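Accompanying notes for the structure given below.
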Amino acid sequence: MFTTNHVRFQLSAEMNLLKPYRKTLQFSTLTSLPPPPTAPDVHLVGKAITILKRHHLINLDPLSSQFTPQSASYLLLQAQSDKTLILSFINWARRRPFFDLQCSCLSLHILTRFKLYKTAQIIAEDVAINSPGDENGELVFTCLKDTYSDCTSSSAVIDLLVYCRITLFSMRLFGLASRLKDLEKGLEFFAEMQKNGCLPNVVTYNTLIDAYCKSRKLDDAFKLFKTMTNKDLEPNLISYNVILNGLAREWRMNETDEVLEEMKHKRIIPDEVTYNTLVNGYCKEACVKLEIYTGLWNY
Numbered sequence: 007m008f009t010t011n012h013v014r015f016q017l018s019a020e021m022n023l024l025k026p027y028r029k030t031l032q033f034s035t036l037t038s039l040p041p042p043p044t045a046p047d048v049h050l051v052g053k054a055i056t057i058l059k060r061h062h063l064i065n066l067d068p069l070s071s072q073f074t075p076q077s078a079s080y081l082l083l084q085a086q087s088d089k090t091l092i093l094s095f096i097n098w099a100r101r102r103p104f105f106d107l108q109c110s111c112l113s114l115h116i117l118t119r120f121k122l123y124k125t126a127q128i129i130a131e132d133v134a135i136n137s138p139g140d141e142n143g144e145l146v147f148t149c150l151k152d153t154y155s156d157c158t159s160s161s162a163v164i165d166l167l168v169y170c171r172i173t174l175f176s177m178r179l180f181g182l183a184s185r186l187k188d189l190e191k192g193l194e195f196f197a198e199m200q201k202n203g204c205l206p207n208v209v210t211y212n213t214l215i216d217a218y219c220k221s222r223k224l225d226d227a228f229k230l231f232k233t234m235t236n237k238d239l240e241p242n243l244i245s246y247n248v249i250l251n252g253l254a255r256e257w258r259m260n261e262t263d264e265v266l267e268e269m270k271h272k273r274i275i276p277d278e279v280t281y282n283t284l285v286n287g288y289c290k291e292a293c294v295k296l297e298i299y300t301g302l303w304n305y
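For the sequence shown, my numbering begins at 7 and goes up steadily by one.
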């Protein structure tokens, strides 16, 4: 059965926006960095850095109300070479109201440079979630471009953000498609994803194939399954398990041989889910046949 535990996000070139932004990123000029810091900002940042160096994060809390997006950005730029300090500040600041898009973009550049990918992914997910009006990512990518050169960053930061946007699209689609009554909305959202330059991946297709199977539209599921190959996407074990489960549910076990043969040809090794699906399907079929045969003698 297809569950959220099966969600595995596969990146390659999954957004049409990715290539142009990566090409132009390193040639960008800064257009939206904060203005030169004021004297109070310099004093506040100096005080905060002293506290961070002493690892007394609790002493930062009284300063929270004094921070603005500008002073937070200034601290990030001033302390960007200190891995431990910058990580402590980001973890403390990222949920606070002054930590705006520019702070997030600066943080993404710095964290990615230090290869602190786990924290960077959390920030990227926050950015994607909190930018509902930026469907094609234009605002976010522009901010990343404009903050690029001051952080000695790399194009890996764009890959990370694209990863998180694909994640959110796929999870939203899963939420819609997993409810049978919302399948049509899921299909509309599928079209919207592509319109916004977010190319469907294997997870996206698996989600819709599973929804078709649960809606007893197995022929449509098969069509979508075949479409994956035409889109240069290779079905994975989850894809085949979903199809096998759909066949078993519709009493079409005679068609599983072809699917299993294709798995063998592609060297996709069956797992416990595969075998359980086949056993359950054949048992159901056997029970029905037994019932029919038994009924022949009840006269």
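A virtual CB, placed ideally from N, CA and C, is assigned to each residue, including glycine. Keep in mind the model is a prediction, meaning the values are calculated, not measured.
Straight-line measurement puts the Cα of TYR281 at about 24 Å from the Cα of LYS229.
Note on geometry: alpha-carbon atoms of GLU261 and LEU239 lie some 23 Å from one another. When secondary structure is reduced to three states using DSSP, PRO68 falls in the helix class.
Per DSSP, the unbroken alpha helix (DSSP H) holding PRO75 starts and ends at 75 to 84. Residue state for TRP98 is assigned as helix, using DSSP reduced to three classes. Contact annotation: SER87 and LEU58 have beta-carbon atoms that are not nearer than 8 Å. Taking every protein chain shown into account, the CB of GLY52 has fewer than 16 other CB atoms within 10 angstroms, so this residue is exposed.
Annotation for ARG119: the continuous alpha helix (DSSP H) segment containing it runs 107 to 119. Inclusion of ASN286 and SER245 in the CB contact set at 8 Å is not warranted, their separation being larger than that value.
Beyond the five residues adjoining it in sequence on each side, TYR218 comes within less than 8 Å, by CB distance, of LEU189, LEU224, ASP226, ALA227, LEU230, GLY252 in the same chain, given in chain order. Taking PRO241 as the centre and dropping the five residues before and after it, the same chain places the C-beta of MET234 closer than 6 Å to its C-beta, in chain order. By a beta-carbon distance limit of 8 Å, THR153 contacts HIS115. Their separation comes to about 6 Å. DSSP places ILE244 in the helix class (H, G or I) of the three-state scheme. Taking the C-beta atoms as reference points, CYS111 is found nearer than 8 Å to LEU150.
Cβ atoms of ARG100 and ILE129 come within 8 Å of each other, at about 6 Å. Here the alpha carbons of VAL248 and ASP216 stand approximately 6 Å from one another. Across the structure, PRO42 and GLN72 are spaced so that their CA atoms are roughly 17 Å apart. For PHE104, the three-state secondary structure derived from DSSP is coil. Between ARG255 and LEU91, the alpha-carbon positions lie close to 56 Å from each other.
Assigned with DSSP and collapsed to three states, ILE128 falls in helix. The straight-line gap separating the alpha-carbon atoms of LEU284 and LEU250 is approximately 7 Å. Distances from the alpha-carbon of ASP106 to those of CYS157, ASN136, LEU63, THR125 put ASN136 closest.
Taken through DSSP and simplified to helix, strand or coil, TYR288 comes out as helix.
TYR288 is positioned such that its CB atom lies closer than 8 Å to that of MET259. Taking C-beta atoms as the reference points, LEU82 and SER113 count as a pair closer than 8 Å. The continuous alpha helix (DSSP H) containing ILE215 extends over residues 208 to 220. In the DSSP assignment, ASP225 falls within the alpha helix (DSSP H) that extends over 224 to 236. Between the beta-carbon of ARG102 and that of SER70 there is about 6 Å, and that keeps the pair under the 8 Å contact cut. Judged by their CB atoms, LEU66 and TRP98 are nearer to each other than the 8 Å cut-off.
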